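Have a look at the structure below, then the notes.
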Amino acid sequence: MLPSSSHDASAMSKVQSFRKTAKERLDKAIHIACALAARQKPALLAYLDLQRHVQNRTSLLSPQGSVGRGGADSLTLFNWGLVNLAFHQADWLRPVESWAIPKVNPLPKFTSLAQHLLAKYPMPGFMTSVWLQCPSQEAYRHQGWFKHLGLGTSIRKADLPLTYTKSMAHWFSQAPDHLTAGQALRWAQIRGLDGSERLAETVVATRLAKVFANEDFWLTLLHFFVSHPKMDLAHVGPLIDFLQHERFTPQEVFEHGVLVKKGPPQPKYSLKGRTLESLLRQMARWHERLGKDSGRPIWHWTRCNIGEYEIVEGSENMGNMRRWTIEECLNSKELEAEGRAQRHCVATYAEKCAKRQTSIWSLRVENDLGRKPVLTIEVDPPTRTICQIRGRGNRLPKDHEREIIRLWAIQERLRMAVQ
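Taking the numbering used here, the leading residue of the sequence shown gets -12, the next gets one more, and so forth.
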């Protein structure tokens, strides 16, 4: 049947274009996956067997079925999932041919496949995330946790980067489904230390959910947070950034016109005997120093594959129109300007942005009085996850501001890890 209107024809054209793009990206991902798996012949054979079985019996790798469910990105993720499962083919508990395919949405369907191959017991929902990422040493380690739990063994006996108590192991199985395995590990640690659920949710939105080095020091900080239950949780992320900078981050400073690399400012920094008030004062002075022009070379980086956003509110008749925009910061000078305007430490994220380990965005509002930054947003590009949202002085977003970010997240298919 021919389209009934130009609108229908346009919509059909967009769907066809979407499917074509999805197929091209999937074909490229499959080609890369074959090259990776080819290093281990059994893994390559297992991957090809999985791919054939999934394509013949499900829509997990179907460009036609990807419209409206996460698009081309979901196809790539499910393909990575098959590759990762193939690398563990020696530990499969059952053949893929005996998988009873459930009539559920794509993500639960993939979860069912992973549990069929590698688990004797039901798994926490968040553990599916260990498969849906590009193969890496860290991912392989997390997948080992999946196999460990799948055999009914305590997570305490797995290859963990930190020491776990029985209480933490209990909380690990109760972690929210939307977390990654690394986030769940940190979330359960805090709950096992008798930290509140809100504190756990706040910490997993920081670097401590990704990095587990120098754990002895960070454990003292977590105990510090737990011992201050009335602390404004807006301070958690900034304090972690401040302490990371002072104790562990090498510095670059100009001496006689030469850029010299030095160690961290205070490598022996300790929390012993410090009060919350003294920590906040030191952090405030650090922010003031960051707010000054560093005089360092400017770092530039390319845009990530996340689009910007714009929305106009109000009306001409009422004379109350204003425009909201969300734009990516693309060099260290922009980060410094954002940090000065908002009085926070986003300038320290320049190296991570340059290495594409994270991305920083600015929510701004414009009316007849001018344009000003309102919120700074951190997004993890690989997982398309909104990690942090902070306003001036590290305040949390207001309801209307959060709604604008939510609309952007819907448009760009972003996940919000912050509440």
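Glycine included, C-beta positions come from ideal geometry on N, C-alpha and C.
All values derive from a computational prediction rather than experimental measurement.
From H222 to L263, what distance separates their C-alpha atoms?
Those two C-alpha atoms are separated by around 10 Å.
From this set, C21, H18 and G326, which residue's C-alpha is nearest E275's C-alpha?
Taking only the C-alpha atoms, the option nearest E275 is G326.
Please name the residue, chosen from A168, D219, K96 and N354, that lies closest to V299 on a Cα-to-Cα basis.
For V299, the nearest C-alpha among the options comes from N354.
By Cβ distance below 8 Å, which residues in the same chain neighbour E390 in space, the five residues on each side in sequence not counted?
Excluding positions up to five away in sequence, the list is empty.
Quick one, are the C-beta atoms of L166 and V191 less than 8 Å apart?
A contact, by the Cβ cut-off of 8 Å.
Taking only three categories from DSSP, how would you classify K359?
Strand.
Pull up the distance between the alpha-carbon of Q42 and that of M305, whole angstroms please.
Their Cα atoms are separated by approximately 55 Å.
Pull up the distance between the alpha-carbon of L104 and that of I88, whole angstroms please.
In a straight line, the C-alpha of L104 is about 12 Å away from that of I88.
I need the straight-line Cα distance from N381 to A324, nearest angstrom please.
Roughly 15 Å between the two C-alpha positions.
Please list, in chain order, all residues of the same chain as Y151 whose beta carbon is under 6 Å from its beta carbon, the five residues on each side excluded.
Within the same chain, Y151 has close Cβ partners R143.
State the beta-bridge partners of V366 as determined by DSSP.
Answer is S346 and I373.
E125 by DSSP, collapsed to three states: which one?
DSSP places E125 in helix when its eight states are reduced to three.
Quick check: the Cα distance between K259 and R272, rounded to an integer number of angstroms?
Looking at the two C-alpha atoms, the distance is approximately 20 Å.
Consult DSSP for R81 and reduce its assignment to one of helix, strand or coil.
Residue state, collapsed to three classes: coil.
Determine the burial state of S53: buried for a count of at least 16 other Cβ atoms within 10 Å of its Cβ, exposed for fewer.
Because the pLDDT at S53 is just 44, under 50, the model does not fix this residue reliably, and the value given afterwards should be weighed accordingly. Classification for S53: buried.
Judging by CA-CA distance, which residue of A171, P29 and L23 is the nearest neighbour of A404?
The shortest C-alpha separation from A404 is found at A171.
Assuming L350 and I313 make a contact with CB atoms under 8 Å, what is their CB distance in whole Å?
Contact flag correct, Cβ pair sits at about 5 Å.
Are there 16 or more other CB atoms within 10 angstroms of the CB of V91, so buried, or fewer, so exposed?
V91 is exposed by the Cβ-count criterion.
So, helix, strand or coil for T289, using DSSP?
It is coil, neither helix nor strand.
Going by DSSP, what residues sit across from L184 in a beta bridge?
Checking the displayed sequence, the identity of residue 184 turns out to be Glu instead of Leu. Note: E184 sits in no beta bridge, so no partner.
Going by DSSP, what residue range makes up the alpha helix (DSSP H) through V213?
Unbroken alpha helix (DSSP H) run through V213: E202 to V213.
Would you give the residue range spanned by the alpha helix (DSSP H) that I88 belongs to?
Taken as a continuous stretch (DSSP letters only), I88 belongs to no alpha helix (DSSP H), as it is neither H nor E.
Given a cut-off of 8 Å, decide if C332 and F229 are closer than it, judged by their beta-carbon atoms.
Yes, Cβ-Cβ distance for F229 and C332 is below 8 Å.
Under 8 Å, do F212 and G182 count as touching if we go by C-beta distance?
Against a cut-off of 8 Å, the Cβ pair of G182 and F212 comes out as a contact.
Helix, strand or coil for L96, going by three-state DSSP, please let me know.
According to the sequence as given, residue 96 is Lys; it is not Leu. It is helical.
Starting from the Cα of H232, find the closest Cα among A334, T372, R26 and N66 and give me that residue.
When only C-alpha atoms are compared, the closest one is A334.
Nearest to S346 by alpha carbon, out of K320, G357, I373 and L362?
Among K320, G357, I373 and L362, the Cα nearest to that of S346 is on I373.
Check the DSSP bridge columns for V352 and list the partner residues they point to.
V352 pairs with W311 and K359.
Indicate the three-state DSSP secondary structure (helix, strand or coil) for M403 in the structure shown.
Strand, per DSSP.
Look at the Cβ atom of A20, then the Cβ atom of V70, and state whether they are nearer than 8 Å.
Yes; because the gap between Cβ atoms is below 8 Å, this pair is in contact.
Taking the CB atoms as reference points, tell me whether V352 and R309 lie closer together than 8 Å.
Yes, these two residues count as a Cβ contact at 8 Å.
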